[in-house]
Amino acid sequence: MIDILYFARFREKLGVEREQLALSSPQQTVAMLMQELSERGDGWADIFNGRQQVLVAVNQEMVKADAALNDGDEVGFFPPVTGG
Amino acid sequence: MTDRVCIQQEPFDTAAEIRQLIEADQAMGAVVNFVGVMRDMNEGDAVSEMTLEHYPGMTENALQEIIKEARERWQLGGVTVIHRVGKLRPSDEIVLVAVSAEHRGEAFDGCEYIIDFLKTRAPFWKKEKTARGERWVDERQSDIAAVQQWNKQDQTS
Numbered sequence: 015m016i017d018i019l020y021f022a023r024f025r026e027k028l029g030v031e032r033e034q035l036a037l038s039s040p041q042q043t044v045a046m047l048m049q050e051l052s053e054r055g056d057g058w059a060d061i062f063n064g065r066q067q068v069l070v071a072v073n074q075e076m077v078k079a080d081a082a083l084n085d086g087d088e089v090g091f092f093p094p095v096t097g098g
Numbered sequence: 006m007t008d009r010v011c012i013q014q015e016p017f018d019t020a021a022e023i024r025q026l027i028e029a030d031q032a033m034g035a036v037v038n039f040v041g042v043m044r045d046m047n048e049g050d051a052v053s054e055m056t057l058e059h060y061p062g063m064t065e066n067a068l069q070e071i072i073k074e075a076r077e078r079w080q081l082g083g084v085t086v087i088h089r090v091g092k093l094r095p096s097d098e099i100v101l102v103a104v105s106a107e108h109r110g111e112a113f114d115g116c117e118y119i120i121d122f123l124k125t126r127a128p129f130w131k132k133e134k135t136a137r138g139e140r141w142v143d144e145r146q147s148d149i150a151a152v153q154q155w156n157k158q159d160q161t162s
């Protein structure tokens, strides 16, 4: 299982703050997970269809879409950051 | 010297933080600080309130990483980064970056580097309240340009 966290406008749009998901394959990457999420349709498709910028962190470190996922990982999805 | 990274709802006391950096090491001859303040306007609209959200855990790691990079570039003394979260109002202080060094050059550069990368890499998000309702703040092109400027310096040096 992996833990997925959604932040800021993504959390609001999806109405989900956190969920657990089983990896669909042992070779799953972030890009594959995003594809899987976008297939849920509606807001999911809007966010994960590749047309808007999605930042991803695995175990709290920023990664690119080709990063591999492992059982027990924490994956965070969020829009560009606006602190400071 | 140790770094101080703090994410908190409460206001911070800039003078006390600077005093602490000064007293921590008598070899330091300069302290430069940046304070980010909430504005009452954004994108042409009056803003009455702001809510700041972050990714607990990752935020602290990202800030530590940025400070580490700054320390690799310059001889820095102490570094303090305090960022507020939760509800804020115009003129509230949002963030403090304070850096001590033996001389001002390193302190200025280190401080600017840390705030520039904080703005593009630390997972904070602002939501602001205007007369037309609430909205998430978009990233600023000028913040991205500031970071690109540092990266460009790397390539030429």
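In order, the protein sequence lines correspond to chains A and B.
Just so we're aligned: 72 in this note's numbering is position 58 of the first sequence, and the numbers increase by one with no gaps anywhere.
Just so we're aligned: 125 in this note's numbering is position 120 of the second sequence, and the numbers increase by one with no gaps anywhere.
Glycine residues also receive a C-beta, built at the ideal position from the N, C-alpha and C atoms.
query                                                                                                        : result
Inter-residue Cα distance where the pair is asparagine 156/B and glutamate 74/B                              : 12 Å
Proximal chain A residues relative to leucine 123/B, where beta-carbon distance stays under 8 Å              : Gly97, Gly98
Close Cβ partners of alanine 112/B (< 7 Å) along its chain, the five nearest in sequence each way excluded   : Ala35, Val36, Val37, Val104, Ser105, Ala106
Residue-level contact to chain A via CB, tyrosine 60/B, 8 Å cutoff                                           : yes
Interface residues of chain A facing asparagine 66/B [CB-CB closer than 9 Å]                                 : Gln74, Glu75
Per-residue DSSP class, three states only, for valine 90/B                                                   : coil
Check: alanine 20/B C-beta below 7 Å from any heavy atom of the ligand GDP                                   : In the structure shown, the ligand GDP is absent, as is every other ligand, since no ligand is present at all.
Between the CA atoms of glutamate 26/A and alanine 67/B - distance to the nearest angstrom                   : 24 Å
Local Cβ density within 10 Å of aspartate 148/B, reported as buried at 16 or more and exposed below that     : buried
Close Cβ partners of asparagine 63/A (< 8 Å) along its chain, the five nearest in sequence each way excluded : Ser52
Distance CB(lysine 131/B)-CB(threonine 96/A) smaller than 8 Å                                                : yes
Candidates Lys124/B, Gln154/B, Ile12/B, Thr161/B, of which the one nearest isoleucine 71/B by Cα             : Lys124/B
Min CB distance phenylalanine 92/A to chain B below 8 Å                                                      : yes
Distance between beta carbons of glutamine 14/B and valine 90/B, contact taken as under 8 Å                  : 6 Å
Bounding residues of the beta strand (DSSP E) (the contiguous stretch that carries phenylalanine 39/B)       : 35-42
Below-8 Å beta-carbon distance, alanine 79/A vs any chain B residue                                          : no
Unbroken beta strand (DSSP E) run spanning serine 53/B, endpoints                                            : 50-59
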